[in-house]
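With mature numbering (1 follows the signal peptide of the UniProt record, and there is no 0) applied, the sequence shown corresponds to residues -30 to -1, 1 to 330, in that order. For glycine and all other residues, C-beta sits at the position ideal for the given N, C-alpha and C. Data block below; observations after.
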Amino acid sequence: MDNSFSRLGLIQSALFAGIAAFASVPAAMAQETQRATAEKTMTQGWDKTFPRSAKVEHQKVTFKNRYGITLAADLYLPRERGSQPLPALAVSGPFGAVKEQSSGLYAQTMAERGYITLAFDPSYTGESSGEPRDLASPDINTEDFSAAVDFLGLQKSVDRQRIGIIGICGFGGMGLSAAAVDTRIKAVVTTAMYDMSRVMAKGMNDSLTKEQRAQTLEQLSQQRWVDAQNGAPMPGPRILPEKLSGNDGAVIEEFFDYYRTPRGFHKNSPNSNGAWTTTTPLPFMNLPLLTNISDISPRPILIIAGEHAHSRYFSEDAFKAAAQPKDLLIVRDANHVDLYDRMDKIPFETITHFFDKNLK
């Protein structure tokens, strides 16, 4: 594997899970990135990366998914909500982020606009349970969205016939996957969407060669022997560097500016502070998330991407594969990470209109 591909694999593949060089990371390096098990007690104070809204009530809640994993979430309710059940939204993402970051900002903003919203930590990350820590799964993380719908539909204040979801970055793909099989999800919005199975299986811009894929699978398969012998999975390289080196590239700098600075840093976020387990990519490389995206029809989809986002092709290709009704919005002068938290870039008016129309 040439050095340029290895470098790309160590950082981009960890960040997006399009990994090519995880298994070649020395054990000593991996051990340095090992993270402690998540706290069993959720933080009760306001610990978000965005200001608290006076228009919204906030509660910490937990619920279990179909696999028995306890998910931790923030429930946002409009203060002025009357006595009638309201429409609701489950929100998660980006991949490697936690509910205190972008998903919480989306959830709180939509609660200001009259929706009951739930921003949740995916299984194995943040304040949710699941061992080992910092693991991702195309199946389990898709299930996490449906478990959030379970929770919302049991709340007396929620109209269970009017539940939608918002998936950000890698959880845009998970959300589309969930909606393809869970007909209770009545409308879907994705922003800055990543198809995690595609990027892991084929690399960024489908650049992974057949030989590189075979080498990666061989490395990860052999890593399973090591993990079995050790009794625990080895963590891969740190997702983002401690400091920029000056030759990391524009995409890494873009993510660094969000996750590793006060703008979006959170101690519970793998992207801010940790590493994925080395073998995390294996199921993603084998189980495509968007195979049945057309089955979401006739329920509507709104796909949003930044004009200058390196990830834009994921959204455009998902839009082509989806059946009607569907809309694609390209946000002018926006990159991928702008849609995480830039209130002047995120098209909340369009998102609100979409849900108002489709969750009547």
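A Cβ-Cβ contact shorter than 7 Å links Asp265 with Ala150. Taking Gln71 as the centre and dropping the five residues before and after it, the same chain places the C-beta of Thr19, Gly234, His236 and Ser239 closer than 7 Å to its C-beta, in chain order. Straight across, the Cα-Cα distance linking Met80 with Gln14 is about 22 Å. If one requires a minimum length of 3 residues, no beta strand (DSSP E) run lies completely within the stretch 93 to 120. Between Ile136 and Tyr76, the CB-CB gap stays under 7 Å. Rounded to the nearest whole angstrom, the CA to CA distance from Val307 to Gln29 is 27 Å. Sequence-distant Cβ neighbours of Gly123 in its own chain, meaning closer than 6 Å and more than five residues away, are Arg130.
Contact fails between the stretch 278 to 292 and the stretch 45 to 62, because fewer than three Cβ pairs, one in each stretch, are under 8 Å apart. Annotation for Arg312: no alpha helix (DSSP H) segment contains it, and DSSP assigns it neither H nor E. Taking a C-beta distance under 7 Å as the contact criterion, Gly143 and Leu309 do not qualify as a contact pair.
DSSP links Gln29 through a beta bridge to Leu45.
Distance check between Thr249 and each of Arg36, Pro270 and Ala198 places Ala198 closest, using alpha-carbon atoms only. Taking all protein chains shown into account, Arg302 has fewer than 16 neighbouring C-beta atoms within 10 Å of its C-beta and is therefore exposed. Rounded to whole angstroms, the Cβ separation of Ala89 and Gly100 is 18 Å, and the two are not in contact under 8 Å. Here Lys296 is buried, its C-beta having at least 16 other C-beta atoms within 10 Å. The residue from Ile138, Thr160, Val31 and Gly38 with its alpha-carbon nearest to that of Asp44 is Val31.
Note on Tyr37: under 16 other CB atoms within 10 angstroms of its CB, so exposed under the neighbour-count rule. For Pro57, the uninterrupted beta strand (DSSP E) segment begins and ends at Leu56 to Ser62. Annotated as distal: Met166 and Ser285, with beta-carbon spacing of 7 Å or more.
In the DSSP secondary-structure assignment, Thr87 is bridged to Tyr46 and Leu59. For Gly137, there is no enclosing alpha helix (DSSP H); the residue is found in the beta strand (DSSP E) stretching over Val128 to Ile138. If you draw a straight line from the Cα of Ser93 to the Cα of Ala118, it comes to about 12 Å.
Taking C-beta atoms as the reference points, Val159 and Leu272 count as a pair closer than 7 Å. With fewer than 16 other Cβ atoms inside 10 Å of its own Cβ, Lys126 counts as exposed. Beta bridge pairing from DSSP links Gly173 with no other residue.
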